[in-house]
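Visitor:
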Amino acid sequence: MGRIQGEAPLAGLQRQKAWYSIDWKSDLDSYFEIDPVEGTIATKELLDRENMAQHNVSIVATKVNNPVLSSKVAVIVHVLDVNEFPPELSIPYETFVCENSKTNQVSTIFSMFCFISIFKNM
56 MGRIQGEAPL AGLQRQKAWY SIDWKSDLDS YFEIDPVEGT IATKELLDRE NMAQHNVSIV
116 ATKVNNPVLS SKVAVIVHVL DVNEFPPELS IPYETFVCEN SKTNQVSTIF SMFCFISIFK
176 NM
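Under the numbering used here, the first residue of the sequence shown carries the number 56, and numbering increases by one thereafter.
1) Going by the CB atoms, is the gap between Lys-127 and Ile-114 shorter than 8 angstroms?
2) Enumerate in chain order the residues of its own chain whose CB-to-CB distance from Pro-91 is below 7 angstroms, with the five nearest sequence positions on each side excluded.
3) Taking C-alpha atoms, which residue in Val-119, Cys-153, Gln-109 lies nearest to Asp-82?
4) When the Cα atoms are used, what is the spatial distance from Ala-154 to Ser-162?
5) Would you say Lys-72 and Val-130 are within 8 angstroms of each other, going by their C-beta atoms?
6) Beta carbon of Val-132, beta carbon of Val-152: below 8 angstroms?
7) In chain order, which beta strand (DSSP E) runs of at least 3 residues are fully inside the region 84-159?
8) Can you tell me which residues form a DSSP beta bridge with Ser-76?
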């Protein structure tokens with residue numbers, strides 16, 4: 056899904072590596088995990104835009120040789136919408152297109168009904 060990278064500059068050209076973790080207070084439902092060495096963020100389960108369109112997760116980078124030094128960054132995950140229930144035709148249709156049809160010429164019109172149920176939590 057994404058990758059966090061953090062390094063602490065030291066004297067000269069050397070850089071100190073960091074360990075990565077998720078601040079558990081920002082991911083109470085445990086949707087995400089992070090590789091502590093690489094900083095790669097992944098989801099533990101499928102995300103559903105209808106349940107939550109955006110997740111705010113805090114990532115902590117801790118200096119490897121000095122765990123007292125750490126830094127936190129906010130990561131905002133926007134969930135894209137996927138149509139889990141695409142419309143379906145009630146019966147199979149067959150149609151044809153003439154080989155000499157013009158571009159954008161309508162050859163067949165389908166009529167479809169889409170039933171949507173709306174549930175409200177009470």
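Glycine included, every Cβ here is placed at the ideal spot set by N, Cα and C.
Guide: Inspection of the coordinates gives the following:
1) Here residue 114 corresponds to residue number 59 of the sequence shown, with the count starting at 1. Here residue 127 corresponds to residue number 72 of the sequence shown, with the count starting at 1. A contact, by the Cβ cut-off of 8 angstroms.
2) As a working note, residue 91 is residue 36 in the sequence shown. Excluding residues within five positions, the ones whose Cβ falls inside 7 angstroms are Trp-74, Tyr-75, Ser-76.
3) Sequence index remark: in the sequence shown, residue 82 carries index 27 (1-based). Taking only the C-alpha atoms, the option nearest Asp-82 is Gln-109.
4) As a first step, residue 154 must be located in the sequence shown, where it is residue number 99. As a first step, residue 162 must be located in the sequence shown, where it is residue number 107. In the sequence as displayed, the identity of residue 154 is Glu instead of Ala. If I take the Cα positions, the gap works out to 11 angstroms.
5) By 1-based counting over the sequence shown, the position of residue 72 is 17. By 1-based counting over the sequence shown, the position of residue 130 is 75. No, these two residues do not count as a Cβ contact at 8 angstroms.
6) Counting from 1 along the sequence shown, the entry for residue 132 is found at position 77. Counting from 1 along the sequence shown, the entry for residue 152 is found at position 97. Not closer than 8 angstroms, so no.
7) 87-89, 95-98, 109-118, 125-133
8) Within the sequence shown, the letter at position 21 stands for residue 76. DSSP lists Val-115 as partners of Ser-76.
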